[in-house]
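Position 230, counted from 1, in the sequence shown is what full-length UniProt numbering calls 230; the numbers after and before it change by one each time, with no gaps.
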Amino acid sequence: MQVWKFGGTSVGKPERMHSIRNLITEDSGRKIVVLSALSGTTNSLISIGESLKSNNDAEANEKIDSLYAHYQSFIKELYKTEEGYTKGKTIIDNEFNFIRSLVNIKPFTLKQEKEIVAEGELLSTQMFEAYLQEEGVSSALLPALDFMLIDADNEPVLSFTEEKLTAMLSQLEDKQIFITQGFICRNPRGEVDNLKRGGSDYTASLVGGAIRAEEIQIWTDIDGMHNNDPRIVKRTFPVRELTFEEAAELAYFGAKILHPSTITPAKMRGVPVRLKNTMEPNAYGTLIADKTTDSEIKAIAAKDGITAIYIHSTRMLNAYGFMRKVFEVFENFKTPVDMITTSEVSIAVTIDNAENLDKITAVLGQFADLEEHDRNQSIICIVGNFMADKAGIALKVMEAMRDIPIRMIAYGASEHNISLLVDTKHKNEALNALNEGLFKFD
Ligand code: ADP
Ligand code: ASP
Ligand code: MG
Numbered sequence: 001m002q003v004w005k006f007g008g009t010s011v012g013k014p015e016r017m018h019s020i021r022n023l024i025t026e027d028s029g030r031k032i033v034v035l036s037a038l039s040g041t042t043n044s045l046i047s048i049g050e051s052l053k054s055n056n057d058a059e060a061n062e063k064i065d066s067l068y069a070h071y072q073s074f075i076k077e078l079y080k081t082e083e084g085y086t087k088g089k090t091i092i093d094n095e096f097n098f099i100r101s102l103v104n105i106k107p108f109t110l111k112q113e114k115e116i117v118a119e120g121e122l123l124s125t126q127m128f129e130a131y132l133q134e135e136g137v138s139s140a141l142l143p144a145l146d147f148m149l150i151d152a153d154n155e156p157v158l159s160f161t162e163e164k165l166t167a168m169l170s171q172l173e174d175k176q177i178f179i180t181q182g183f184i185c186r187n188p189r190g191e192v193d194n195l196k197r198g199g200s201d202y203t204a205s206l207v208g209g210a211i212r213a214e215e216i217q218i219w220t221d222i223d224g225m226h227n228n229d230p231r232i233v234k235r236t237f238p239v240r241e242l243t244f245e246e247a248a249e250l251a252y253f254g255a256k257i258l259h260p261s262t263i264t265p266a267k268m269r270g271v272p273v274r275l276k277n278t279m280e281p282n283a284y285g286t287l288i289a290d291k292t293t294d295s296e297i298k299a300i301a302a303k304d305g306i307t308a309i310y311i312h313s314t315r316m317l318n319a320y321g322f323m324r325k326v327f328e329v330f331e332n333f334k335t336p337v338d339m340i341t342t343s344e345v346s347i348a349v350t351i352d353n354a355e356n357l358d359k360i361t362a363v364l365g366q367f368a369d370l371e372e373h374d375r376n377q378s379i380i381c382i383v384g385n386f387m388a389d390k391a392g393i394a395l396k397v398m399e400a401m402r403d404i405p406i407r408m409i410a411y412g413a414s415e416h417n418i419s420l421l422v423d424t425k426h427k428n429e430a431l432n433a434l435n436e437g438l439f440k441f442d
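Put into structure tokens, the structure is as follows:
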């Protein structure tokens with residue numbers, strides 16, 4: 001069995017839904033199809049939530065009306081029969097009635113906010129499933145809220161998904177195609193929650209890992225993982241093969257094509273991940289698996305919103321135990337550290353969640369000297385095969401970065417990552433310079 005995930009743009013227009021119907025039925029294998037919300041919907045739902053949070057009900061109602069109008073015209077084109085259209089209309093009316101009912105709940109809390117954002121995937125999957133029914137495709141809807149669960153630390157519980165999904169699938173052996181919602185889940189309080197923005201990729205990987213799928217396919221609007229961010233750099237190209245580790249680094253360090261955690265469950269269960277383009281299904285895309293190719297530098301990604309913290313030991317040289325004390329502070333505030341560089345008496349670390357920054361620096365300040373931290377930094381992550389005994393790679397990177405100030409450099413922790421920290425105002429220039437310096441173009 002395979003798991004195929006289609007993102008927002010792949011379901012964002014009625015004709016796109018028609019083409020993915022063809023894609024999933026042309027391939028005869030049994031599959032679970034994970035869908036995102038129609039493109040733009042999650043943003044609209046978040047914005048409705050913001051109006052409600054600020055008690056602006058009139059503004060929220062206007063936004064709801066305009067989103068509803070979009071769905072009304074969408075279903076007119078999606079279905080071909082009167083019966084199909086009626087089903088579609090019932091689906092959108094039900095979901096929008098629910099959204100409207102939230103306007104009256106005061107105060108509007110995080111619980112309601114999460115219920116609103118979940119509506120995007122609830123709408124797209126039911127609409128698509130009704131379309132498959134209209135087309136006579138043997139399919140069934142699997143409610144993600146019955147098998148996707150996060151724990152108190154917001155970590156998905158894979159064993160729960162495995163147990164629930166296996167049981168559900170065993171009841172539906174006659175079906176070929178299963179549709180489910182990406183992104184949404186329940187939390188330990190039984191409330192509706194989600195896997196954060198872009199989380200449908202993560203759902204696909206968790207589902208694929210849980211059922212030990214043959215392959216996970218992520219269908220999107222580009223022909224695979226590119227060697228650099230195509231939104232910023234002009235001359236980019238798709239990378240045909242990546243190892244799990246390489247893809248995980250790129251996703252974690254900002255390659256938007258994948259949610260940062262996507263690769264973890266697939267890697268854990270050894271399920272290959274293929275990235276494919278819905279608009280160009282014949283393009284090879286990217287295969288992410290165990291095996292590696294020997295090209296030296298594979299791809300570059302960048303992650304913004306980074307804060308760098310500079311910590312000096314007050315005991316000067318030979319201060320053993322200092323590192324442990326420093327990292328304990330980050331652990332106590334559940335704040336992951338991304339990059340680290342050290343000298344004998346100083347440590348520089350970066351974090352991307354600065355929610356507890358003041359508390360962290362207050363505690364660190366009790367036993368260390370702190371320099372003013374830098375906000376608005378970007379980590380640039382260069383991924384490839386950098387064998388320790390091979391000379392010249394760092395030189396190429398430094399040469400490309402000749403004119404750009406670098407705050408931190410991390411090299412050598414793994415053989416497939418060099419990370420640089422730069423001020424975000426230099427990010428675009430750095431990505432372009434590295435592209436020209438590290439890849440060969442004809
Ligand atoms: P979906 O809605 O299908 O989940 P996303 O918008 O989340 O799609 O991800 C696809 C987009 O990711 C591409 O259109 C591209 O602009 C962006 N992107 C950023 N970095 C990369 C990269 N290294 N390779 C490919 N796409 C990338
Ligand atoms: N719809 C959600 C979002 O826009 C999840 C996803 O598309 O992956 O973030
Ligand atoms: Mg996405």
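For every residue, glycine included, the Cβ atom is placed at its ideal position computed from N, Cα and C.
I want to check one thing, is the minimum distance from the CB of residue i to the heavy atoms of ligand 3 below 7 Å?
i, result
"residue 221", "no"
"residue 7", "yes"
At a threshold of 7 Å, does residue i count as lining ligand 2 (C-beta to nearest heavy atom)?
i, result
"residue 42", "yes"
"residue 197", "yes"
"residue 200", "yes"
"residue 121", "yes"
"residue 10", "no"
"residue 183", "yes"
Return the residue from the list the options that minimises the CA-CA distance to residue i.
i, options, result
"residue 65", "331, 97 and 306", "97"
"residue 413", "82, 342, 11 and 157", "342"
"residue 218", "266, 229 and 194", "266"
"residue 368", "400, 243, 193 and 327", "327"
"residue 437", "396, 67 and 252", "396"
"residue 196", "143, 258 and 385", "258"
"residue 125", "161, 17 and 188", "17"
"residue 274", "285, 264, 280 and 102", "285"
"residue 127", "88, 15, 209 and 77", "88"
"residue 312", "373, 333 and 57", "373"
"residue 104", "56, 71 and 81", "56"
"residue 391", "249, 415, 262 and 380", "415"
"residue 370", "63, 361, 121 and 377", "361"
"residue 418", "441, 393, 442 and 429", "393"
"residue 357", "82, 375, 276 and 193", "375"
"residue 315", "34, 172 and 366", "366"
"residue 151", "143, 144 and 160", "160"
"residue 9", "279, 321 and 442", "279"
Please say whether residue j and residue i have beta carbons closer to each other than 8 Å?
i, j, result
"residue 40", "residue 116", "no"
"residue 47", "residue 7", "no"
"residue 431", "residue 227", "no"
"residue 183", "residue 199", "yes"
"residue 24", "residue 180", "no"
"residue 5", "residue 201", "yes"
"residue 299", "residue 239", "yes"
"residue 272", "residue 191", "no"
"residue 385", "residue 236", "no"
"residue 225", "residue 186", "no"
"residue 400", "residue 421", "no"
"residue 99", "residue 71", "no"
"residue 45", "residue 119", "yes"
"residue 378", "residue 424", "yes"
"residue 139", "residue 175", "yes"
"residue 307", "residue 351", "yes"
"residue 246", "residue 383", "yes"
"residue 11", "residue 204", "no"
For a test of the three-state rule: what should DSSP assign to residue i, helix, strand or coil?
i, result
"residue 226", "strand"
"residue 23", "helix"
"residue 289", "strand"
"residue 79", "coil"
"residue 284", "coil"
"residue 274", "strand"
"residue 295", "coil"
"residue 186", "strand"
"residue 177", "strand"
"residue 436", "helix"
"residue 172", "coil"
"residue 215", "strand"
For ligand 1, I want to know if residue i counts as a neighbour, meaning its beta carbon is within less than 7 Å of at least one of the ligand's heavy atoms.
i, result
"residue 266", "no"
"residue 36", "yes"
"residue 228", "yes"
"residue 257", "yes"
"residue 148", "no"
- Message: To test your reading of the DSSP string, which unbroken alpha helix (DSSP H) runs of 4 or more residues are found completely within the region 298 to 380?
- Response: Counting only runs of 4 or more residues that sit fully inside the region 298 to 380, the alpha helix (DSSP H) segments are 322 to 332 and 357 to 364, in chain order.
- Task: Could you tell me which uninterrupted beta strand (DSSP E) segments, each at least 3 residues in length, are contained entirely in the region 223 to 269, listed from first to last along the chain?
- Result: Whole beta strand (DSSP E) segments, 3+ residues: 241 to 243.
- For the region 106 to 159, which segments carrying the beta strand (DSSP E) assignment without a break, of at least 3 residues, lie completely within its bounds, in sequence order? Taken in chain order, the whole beta strand (DSSP E) runs of length 3 or more contained in the region 106 to 159 are 139 to 142.
- Whole beta strand (DSSP E) runs in the region 22 to 56 with 3 or more residues, listed along the chain? The qualifying runs are 31 to 35.
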